[in-house]
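Undergrad: Residue numbers (my numbering), protein chains in the order written: chain A, 23 to 304; chain B, 250 to 380. The structure that follows is given in the form of structure tokens.
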């Protein structure tokens with residue numbers, strides 16, 4: 023599978039020269055499989071460009087939403103395939119205890135926030151609730167599980183038989199833990215990430231910033247590295263960069279955390295436009 | 250080893266941060282976790298016992314009425330929380346693993362997943378003459 027970042031920023035889009043390297047668009051990752059199949063992870067502002075890059079031959083695309091915070095759905099209405107009547111679009115995401123995915127998404131995709139109603143989109147649209155056990159989408163096996171973040175939120179584990187990608191962009195597994203990380207059995211997201219070839223994981227804060235953002239649903243870089251080690255991943259892409267951070271400070275924060283933690287796996291801050299082909303050569 | 254459901258993980262983390270004795274049970278009544286205040290109450294240390302099966306727990310802690318008669322399993326708050334998926338509260342006497350006998354109030358509530366389904370129960374204890 024080929025994994026391409028179209029949006030790596032957390033919370034708020036941050037365009038401009040200061041964020042050229044890692045990008046200013048909010049969460050969106052395009053995963054391509056065999057025979058041109060495509061999955062889109064989250065619908066942040068990066069999804070507009072992801073939609074434009076999809077093959078015109080494609081007849082079906084699946085969007086896997088982790089949750090419905092604005093930075094993960096803001097680009098949805100600008101995803102070109104939604105306006106193609108020949109296109110089959112499947113949106114997967116969590117319901118809440120009181121509202122369906124349809125009802126929750128319609129709060130955004132309706133006036134006054136957006137001019138086009140979800141039900142009026144020209145594509146053939148189908149909505150699905152997760153978690154719902156293992157699902158098969160084209161060549162991919164997909165597992166969604168609830169993870170620690172305010173409101174209904176899932177992470178995804180994608181496998182094409184040869185490689186595993188785990189995507190947990192908003193995640194605070196250290197919340198309430200006295201000594202993180204402790205027991206894998208009692209760690210949010212561990213099973214999703216176990217042995218992944220690539221883990222894309224929340225790393226919004228520095229260790230110094232984290233205490234003043236406790237419970238906001240995000241991880242420090244150090245906790246992201248510790249989580250990756252606990253799960254035994256092969257590679258970690260630090261994701262959901264804080265909007266206050268420019269390219270220089272994203273690099274500096276990652277380098278400092280890696281120098282201290284000395285992980286046994288490869289670590290890189292996720293950069294818009296960057297691709298990974300999985301599995302990587304061993 | 251499988252990972253526990255998020256709702257159980259968060260309940261355990263909450264319990265770890267509270268001074269109220271809390272026992273976290275799975276859907277069949279196995280004890281998955283108990284916090285430090287509960288350790289003092291039931292006379293065991295989680296670090297030493299780890300999870301305890303429902304059958305094993307029965308032999309370690311005795312729950313009785315004021316006359317010393319065992320409280321039928323189905324009448325206990327934990328059984329009501331798990332069996333009927335309703336909160337329950339009652340008073341009883343507890344003889345802990347270390348032999349200490351205490352009068353306690355017990356509140357149990359079911360843990361129902363976001364997507365529905367019973368995950369277990371949280372059981373909280375208050376010592377009658379304690380705080």
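All residues carry an ideal CB built from backbone N, CA and C; glycine is no exception.
If you draw a straight line from the alpha carbon of residue 65 of chain A to that of residue 96 of chain A, how long is it in whole angstroms?
TA: Taking the first chain and counting its residues from 1, the one referred to as residue 65 of chain A is at position 43. Taking the first chain and counting its residues from 1, the one referred to as residue 96 of chain A is at position 74. Distance between the alpha carbons of residue 65 of chain A and residue 96 of chain A: 6 Å.
Undergrad: Would a C-beta distance cut-off of 9 Å place residue 206 of chain A and residue 248 of chain A closer than the cut-off?
TA: Position 184 of the first chain, counted from the first residue, corresponds to residue 206 of chain A. Position 226 of the first chain, counted from the first residue, corresponds to residue 248 of chain A. No; because the gap between Cβ atoms is not below 9 Å, this pair is not in contact.
Undergrad: Since residue 244 of chain A contacts residue 229 of chain A with CB under 8 Å, what's their CB separation in whole angstroms?
TA: Counting from one through the first chain, the residue named residue 244 of chain A turns up at place 222. Counting from one through the first chain, the residue named residue 229 of chain A turns up at place 207. In this structure, residue 244 of chain A and residue 229 of chain A form a Cβ contact; the two beta carbons are roughly 5 Å apart against a cut-off of 8 Å.
Undergrad: Run down chain B in chain order and give the residues with a C-beta less than 8 Å from the C-beta of residue 213 of chain A.
TA: Residue numbering aside, residue 213 of chain A sits at position 191 when the first chain is read from its first letter. Chain B residues near residue 213 of chain A: 251, 252.
Undergrad: Using a Cβ-Cβ cut-off of 7 Å (strictly less than) and excluding sequence neighbours within five positions of residue 269 of chain B, which residues of its own chain qualify?
TA: In the second chain, counting from the first residue as 1, residue 269 of chain B sits at position 20. Counting only Cβ-Cβ distances below 7 Å, and skipping sequence neighbours, we find 286, 373.
Undergrad: For residue 134 of chain A, is the classification buried or exposed, using 16 other Cβ atoms within 10 angstroms of its Cβ as the cut-off for buried?
TA: Taking the first residue of the first chain as position 1, residue 134 of chain A is located at position 112. Taking a 10 Å sphere around the C-beta of residue 134 of chain A, we find fewer than 16 other C-beta atoms and assign the residue as exposed.
Undergrad: Check the Cβ-Cβ distances between residue 167 of chain A and every residue of chain B, and say whether any is below 9 Å.
TA: As a working mapping, residue 167 of chain A is identified with position 145 in the first chain. True, the Cβ-Cβ gap to chain B drops below 9 Å.
Undergrad: Starting from the beta carbon of residue 293 of chain A, find every residue of chain B whose beta carbon is closer than 9 Å, and list them in chain order.
TA: The count along the first chain starts at 1 and reaches residue 293 of chain A at position 271. Ordered by position in chain B, no residue passes the 9 Å Cβ test against residue 293 of chain A, which lies about 30 Å from the chain.
Undergrad: Name, going along the chain, the residues of the region 199–210 of chain A whose beta-carbon falls closer than 8 Å to a beta-carbon of chain B.
TA: 199, 200, 206, 207, 208, 209, 210
Undergrad: Roughly how many whole angstroms lie between the Cα atoms of residue 28 of chain A and residue 71 of chain A?
TA: Reading the first chain from its first residue, position 6 is the one you call residue 28 of chain A. Reading the first chain from its first residue, position 49 is the one you call residue 71 of chain A. Going by the C-alpha atoms only, they are around 7 Å apart.
Undergrad: What does residue 153 of chain A touch in chain B if you count any residue whose Cβ is under 7 Å from its own?
TA: In the first chain, counting from the first residue as 1, residue 153 of chain A sits at position 131. Chain B residues near residue 153 of chain A: 364.
Undergrad: Please compile the residues from chain B whose C-beta is within a distance smaller than 7 Å of the C-beta of residue 174 of chain A.
TA: Working through the first chain from its first residue, we reach residue 174 of chain A at position 152. 363, listed in chain order.
Undergrad: Applying the criterion that 16 or more other CB atoms from any shown protein chain within 10 Å of the CB defines a buried residue, is residue 294 of chain A buried or exposed?
TA: Taking the first residue of the first chain as 1, we reach residue 294 of chain A at position 272. It counts as buried.
Undergrad: From the DSSP output, in three-state form, read off residue 299 of chain B for me.
TA: Here the question's residue 299 of chain B lines up with position 50 in the second chain. Coil at residue 299 of chain B, not helix or strand.
Undergrad: Output needed for residue 216 of chain A: all residues of its chain with C-beta closer than 7 Å, excluding positions within five of it in sequence on either side, in chain order.
TA: Stepping through the first chain from its first residue, residue 216 of chain A is reached at position 194. Closer than 7 Å at Cβ, skipping near neighbours: 253, 254.
Undergrad: Between residue 43 of chain A and residue 264 of chain A, what straight-line distance do the alpha-carbon atoms span, to the nearest angstrom?
TA: Indexing the first chain from 1 puts residue 43 of chain A at position 21. Indexing the first chain from 1 puts residue 264 of chain A at position 242. Approximately 14 Å between the Cα atoms of the pair.
Undergrad: Which residues, in order along the region 259–272 of chain B, keep a beta-carbon less than 8 Å from a beta-carbon of chain A?
TA: 259, 261, 262, 263, 265, 266
Undergrad: Count the C-beta pairs between the region 102–121 of chain A and the region 144–157 of chain A that are closer than 8 Å, then say yes if the count reaches three, no if not.
TA: yes
Undergrad: Tell me the rounded alpha-carbon separation between residue 191 of chain A and residue 302 of chain B.
TA: Reading the first chain from its first residue, position 169 is the one you call residue 191 of chain A. Reading the second chain from its first residue, position 53 is the one you call residue 302 of chain B. Cα to Cα, the separation comes out at about 36 Å.
Undergrad: Exposed or buried, what is residue 103 of chain A when buried is set at 16 or more other beta-carbons lying within 10 Å of its beta-carbon?
TA: Locating residue 103 of chain A in the first chain gives position 81, counting from the first residue. Under this definition residue 103 of chain A is a buried residue.
Undergrad: Is residue 268 of chain B helix, strand or coil by DSSP?
TA: One-based indexing of the second chain puts residue 268 of chain B at position 19. Coil at residue 268 of chain B, not helix or strand.
Undergrad: Given this structure, state the Cα-to-Cα distance separating residue 274 of chain A from residue 328 of chain B, to the nearest angstrom.
TA: Sequence index remark: in the first chain, residue 274 of chain A carries index 252 (1-based). Sequence index remark: in the second chain, residue 328 of chain B carries index 79 (1-based). In a straight line, the C-alpha of residue 274 of chain A is about 54 Å away from that of residue 328 of chain B.
Undergrad: Please state the DSSP three-state secondary structure of residue 358 of chain A.
TA: In the structure as shown, chain A starts at 23 and stops at 304, and residue 358 of chain A therefore has no counterpart that could be examined.
Undergrad: Just checking, does the region 254–274 of chain B make contact with the region 34–43 of chain A on the three C-beta pairs under 8 Å criterion?
TA: no
Undergrad: Considering only residues of the region 61–106 of chain A, which uninterrupted alpha helix (DSSP H) runs meet the minimum length of 4 residues and lie entirely inside it, listed in chain order?
TA: If we require 4 residues or more, the alpha helix (DSSP H) runs fully inside the region 61–106 of chain A come out as 69–74, 92–95.
Undergrad: Tell me which residues share the same chain as residue 149 of chain A and place their Cβ nearer than 7 Å to its Cβ, disregarding the 5 neighbours each side in the sequence.
TA: As a first step, residue 149 of chain A is located in the first chain; it is residue number 127 there, counting from the start. Excluding residues within five positions, the ones whose Cβ falls inside 7 Å are 113, 123, 124.
Undergrad: Hey, does residue 256 of chain B have any beta-carbon neighbour from chain A nearer than 9 Å?
TA: To locate residue 256 of chain B, count along the second chain from 1; it is residue 7. Yes, because at least one Cβ of chain A sits closer than 9 Å to the Cβ of residue 256 of chain B.
Undergrad: Rounded to whole angstroms, how far is the Cβ of residue 377 of chain B from the Cβ of residue 354 of chain B, which I believe are closer than 8 Å?
TA: Taking the first residue of the second chain as 1, we reach residue 377 of chain B at position 128. Taking the first residue of the second chain as 1, we reach residue 354 of chain B at position 105. Rounded, the Cβ-Cβ distance is 6 Å, consistent with contact.
Undergrad: Given a threshold of 16 other Cβ atoms within 10 Å of its Cβ, counted over all protein chains shown, does residue 219 of chain A qualify as buried or as exposed?
TA: Your numbering for residue 219 of chain A matches position 197 in the first chain. Under this definition residue 219 of chain A is a buried residue.
Undergrad: Taking C-beta pairs closer than 8 Å, name the residues in chain B that residue 119 of chain A reaches, listed in chain order.
TA: As a position in the first chain, residue 119 of chain A is number 97, starting the count at 1. Result: 363.
Undergrad: Rounded to the nearest angstrom, what separates residue 285 of chain A and residue 63 of chain A at their Cα positions?
TA: Position 263 of the first chain, counted from the start, is the residue given in the question as residue 285 of chain A. Position 41 of the first chain, counted from the start, is the residue given in the question as residue 63 of chain A. If I take the Cα positions, the gap works out to 26 Å.
Undergrad: Specify, as a first and last residue, the run of the alpha helix (DSSP H) that residue 291 of chain A falls within.
TA: In the first chain, residue 291 of chain A corresponds to position 269, counting from 1. For residue 291 of chain A, no alpha helix (DSSP H) run applies; the uninterrupted beta strand (DSSP E) run containing it begins and ends at 288–291, by DSSP.
Undergrad: Sort A:147, A:189, A:278, A:242 by Cα distance to residue 226 of chain A and report the nearest one.
TA: Residue numbering aside, residue 226 of chain A sits at position 204 when the first chain is read from its first letter. Of the candidates A:147, A:189, A:278, A:242, A:242 places its Cα closest to the Cα of residue 226 of chain A.
Undergrad: Counting contacts by CB-CB distance shorter than 9 Å, is residue 282 of chain B in contact with chain A?
TA: Mapped onto the second chain, residue 282 of chain B falls at position 33. Output row for residue 282 of chain B: interface = yes.
Undergrad: What residue range does the beta strand (DSSP E) around residue 320 of chain B cover?
TA: Numbered from 1 along the second chain, position 71 holds the residue referred to as residue 320 of chain B. Per DSSP, residue 320 of chain B belongs to no beta strand (DSSP E) and is neither H nor E.
Undergrad: Name the residue from B:347, B:258, B:321 whose alpha carbon lies nearest to the alpha carbon of residue 309 of chain B.
TA: Sequence index remark: in the second chain, residue 309 of chain B carries index 60 (1-based). Among B:347, B:258, B:321, the Cα nearest to that of residue 309 of chain B belongs to B:347.
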